[in-house]
Amino acid sequence: MTSSFEFHLLRVTMAQLLKAHGFDKCNNRVLDLVTDLYVRYFQLLLQTVTKYMEARNDIEPNIQDISDAFLELKIISPARRLDAFDSDRLVTQGLNNFEYWFQSDMNTRLREVARPNKEFLTELAELKSSMDIHTKMNSLTAALGQATPGLHRQPTQPLEPLSVPANENEPIDDGLRLDPDWIRFVLRGQLSEKPDTKFKGTVLEEYVPEDLQQPTVTSNNDHVVFGPTPENLAQHLPYAGNREVDDPDDI
1 MTSSFEFHLL RVTMAQLLKA HGFDKCNNRV LDLVTDLYVR YFQLLLQTVT
51 KYMEARNDIE PNIQDISDAF LELKIISPAR RLDAFDSDRL VTQGLNNFEY
101 WFQSDMNTRL REVARPNKEF LTELAELKSS MDIHTKMNSL TAALGQATPG
151 LHRQPTQPLE PLSVPANENE PIDDGLRLDP DWIRFVLRGQ LSEKPDTKFK
201 GTVLEEYVPE DLQQPTVTSN NDHVVFGPTP ENLAQHLPYA GNREVDDPDD
251 I
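Mapping of the sequence shown onto full-length UniProt numbering: residues 1 to 251, in sequence order.
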């Protein structure tokens, strides 16, 4: 599950949700766990909606199926617990809030604001370089049998900050490029070692970054001759001349 494109794209959304609720940093395993819980809960919600839809012997869900699923999973509450008549003005407020969130432009504005930036790419490159240095140093010292705690904490080669150009459309140093959205950012990470044919024929083909697209090769048929054949070359062509075709009846 963690190797799919959709899961990696959802990790970005979950990281933004955690950031909005005050979590500045978290472990990668924690982020994977939270994303997996989100996927499983969403699958449970879809299965519950499908259950009520099939109970009506229908093939398309309606608002009643969704509201019943919300009630069963305790997402919304029909009334207050101490209400004797089970009637309250907040009965439909949960569904109204959900409808407003679904139809509003809130998600669109979030996607416009939360995009990959240069600081994020620079920090990601520095973290990757630091991990590579530690891995190389650990392998070297383990092979020599001279591993020391101080050597792991202080690598011999300090990290140098990456220079960031002024223009956002230009590529950053060390091969880093600033993508306009998270879909292309995730695709770039998955296409770093594989050609873009991985997503060929899918809806993601149009989102493949331009610098990772394979060049279109046009076939050049040199043996095709347009126009009349020159007389001085006609006798030298392999298909020129009158070929005597044996009659199949002549045996």
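Don't be surprised by glycine CBs; every beta carbon is placed ideally from N, CA and C.
{"query": "Rounded separation between Y38 and T48 - CA only", "result": "15 angstroms"}
{"query": "Same chain, Cβ closer than 7 angstroms to Y52, five either side skipped, listed in chain order", "result": "D65, D68, A69"}
{"query": "Simplified DSSP assignment, three categories, for H8", "result": "helix"}
{"query": "Whole-angstrom C-beta distance between A15 and L31, which should lie under 8 angstroms", "result": "6 angstroms"}
{"query": "D24 to L204 span [Cα, whole Å]", "result": "30 angstroms"}
{"query": "Cβ-Cβ distance between P116 and F5 below 7 angstroms", "result": "no"}
{"query": "For K74 and F42, the rounded distance between their alpha carbons", "result": "14 angstroms"}
{"query": "Element boundaries [alpha helix (DSSP H), containing residue 274]", "result": "Only positions 1 to 251 of the chain appear in this structure, which leaves residue 274 out of reach."}
{"query": "CA nearest to the CA of F120, picked from S130, F102, L178", "result": "L178"}
{"query": "Three-state secondary structure assigned by DSSP to G189", "result": "helix"}
{"query": "P228 versus H236 - alpha carbon distance", "result": "15 angstroms"}
{"query": "Where R184 sits in the DSSP three-state scheme", "result": "helix"}
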